[in-house]
Structure formats: C-alpha cells, structure tokens
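Student: Numbering (the working numbering), first residue to last: 24 to 217. Got a structure for you, written out below as structure tokens; questions coming shortly.
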Amino acid sequence: MRRLALSTMGLLAMAIATVGPASAQQSKGTVYYLVPTLLDEFQTGSVDALQAFLGQVGYDMQTLNADNKTDLQQSQMNDVIALSPDAVILAAVDFNALKPSIENARAAGIPVVEFDRQITSTPSDFTSVAGTIEIGHLAAGEAQALLKEKHGSVKGKILQVLGDPGDPYTLDIQKGFEEKMAEFQDVTIISKPA
Numbered sequence: 024m025r026r027l028a029l030s031t032m033g034l035l036a037m038a039i040a041t042v043g044p045a046s047a048q049q050s051k052g053t054v055y056y057l058v059p060t061l062l063d064e065f066q067t068g069s070v071d072a073l074q075a076f077l078g079q080v081g082y083d084m085q086t087l088n089a090d091n092k093t094d095l096q097q098s099q100m101n102d103v104i105a106l107s108p109d110a111v112i113l114a115a116v117d118f119n120a121l122k123p124s125i126e127n128a129r130a131a132g133i134p135v136v137e138f139d140r141q142i143t144s145t146p147s148d149f150t151s152v153a154g155t156i157e158i159g160h161l162a163a164g165e166a167q168a169l170l171k172e173k174h175g176s177v178k179g180k181i182l183q184v185l186g187d188p189g190d191p192y193t194l195d196i197q198k199g200f201e202e203k204m205a206e207f208q209d210v211t212i213i214s215k216p217a
C-alpha cells in the first residue's frame with residue numbers, strides 16, 4: 024500500500040509540474056493541498072510525500088486541514104482561490120459540495136488536482152485515486168479464500184461494512200467486490216454503512 028501511495032505521489036507531482044509554470048527552476052510557486060483530515064495515516068503520509076515531491080520540482084506546499092468539515096473546506100477553497108496559487112490539490116470531504124469551488128478555481132486559471140477522492144460531477148485538471156474497483160476485487164478474492172477455508176467451498180455469509188454510501192470511492196469498492204462475488208450463489212452479502 025505504501026508503494027502504491029508513493030507511486031501515486033510521483034504521478035501527482037509530475038502532473039502538477041506540467042500544469043504549473045513552464046520551468047520550476049525559474050519560478051518557484053505555491054501549491055495548496057486541501058486535506059479532509061489529518062487523523063489517519065494515509066492523509067498524514069500524503070502530506071509528507073507531496074511536500075517532498077513538490078519540493079523536488081521547485082514548489083512550496085501549504086496544507087489546509089478541514090477536520091472532516093465540508094463547510095470549512097469550502098471556505099478554505101474560496102480563500103485559496105483568492106490567493107491565486109499555482110495549483111490546488113483537493114482531497115474533498117464531500118465530493119459533491121466542492122463542485123462550485125472547483126469550477127471557480129478552474130475559471131480563475133488555477134489547476135485543480137483531485138487526490139484520493141474522485142469528483143465526477145465536474146472536470147478537473149488531473150485525478151489521482153486508488154484503483155477502487157480493483158480493491159473490491161482483491162477483497163472478494165480474500166473473502167472467497169476465507170469462506171472456502173471455513174466451509175470447504177465458497178458459501179456462507181459476509182458482512183460488508185462500507186464507508187459513506189454516497190462516496191464514489193466506497194461505491195466502486197462495493198462494485199468490484201460484488202462483481203467478483205456474483206458467481207457464488209451460496210454467498211449472502213449483508214452490506215451496512217460504517
């Protein structure tokens with residue numbers, strides 16, 4: 024998982040380098056990273072990795088933590104737009120609520136990179152998210168192995184605890200999981216939001 028996160032950070036840094044000023048050596052700029060929370064290891068690791076990669080290509084990075092509050096992140100995004108940064112990296116608290124802010128930033132000529140949480144309701148300049156359907160496929164493979172070990176065949180009940188039922192990340196993981204489990208008619212999947 025760490026290798027995937029670092030690879031993603033590298034791609035993200037290259038994307039920002041291409042949408043920012045023509046030469047990072049001539050013009051050092053600022054990129055804002057709007058993070059939903061700093062309460063989990065992935066988000067704190069993302070801050071460190073992005074800071075390192077962006078520093079290598081000549082950019083300063085400012086991180087704004089929304090503490091999982093949509094209204095705070097909307098306000099932060101509006102404040103950042105007024106500062107005219109070279110780019111914004113957005114890991115949205117609520118993928119739908121930030122649509123107007125993304126559109127305003129792009130209209131102001133500020134590239135927006137969606138990170139970790141894909142927003143499908145409006146275009147961005149670059150999107151970097153995990154292969155969520157593939158994550159669902161992997162989880163299904165593990166569930167199949169566990170059921171087979173326990174029952175001798177792939178049968179039984181699975182409790183699937185999901186994140187936000189309106190989040191595309193969650194929905195894609197569920198989709199991948201259910202795709203790989205569909206052929207097993209003796210499996211009952213009970214899905215519950217976290």
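Where is the CB? At the ideal position from N, CA and C, for every residue including glycine. None of these values were measured; they are calculated from a predicted model.
1. Provide the residue(s) that pair with residue 110 in DSSP beta bridges, ordered along the chain.
2. Identify the continuous beta strand (DSSP E) that holds residue 158 and give its terminal residues.
3. Tell me the residue span of the alpha helix (DSSP H) that contains residue 127.
4. Could you say which of 154, 53, 158 lies nearest to residue 106 if we only look at CA atoms?
5. Spell out whether any CB of chain D is found under 9 Å from the CB atom of residue 120.
6. Once the 5 residues before and after residue 164 are set aside, which same chain residues still bring their CB inside 7 Å of it?
7. Looking at residue 157: is its Cβ nearer than 9 Å to the Cβ of residue 199?
8. Take residue 62 and list the residues in its own chain whose beta-carbon comes closer than 8 Å to its own, dropping the five residues that flank it on each side.
Tutor: Straight from the coordinates:
1. 54
2. Counting along the chain, residue 158 falls outside any beta strand (DSSP E), though it belongs to the alpha helix (DSSP H) covering 155-174.
3. 122-130 is the extent of the alpha helix (DSSP H) around residue 127.
4. 53
5. Among the chains of the structure shown, chain D does not appear; only one protein chain is present.
6. 203
7. Cβ atoms of residue 157 and residue 199: closer than 9 Å.
8. 91
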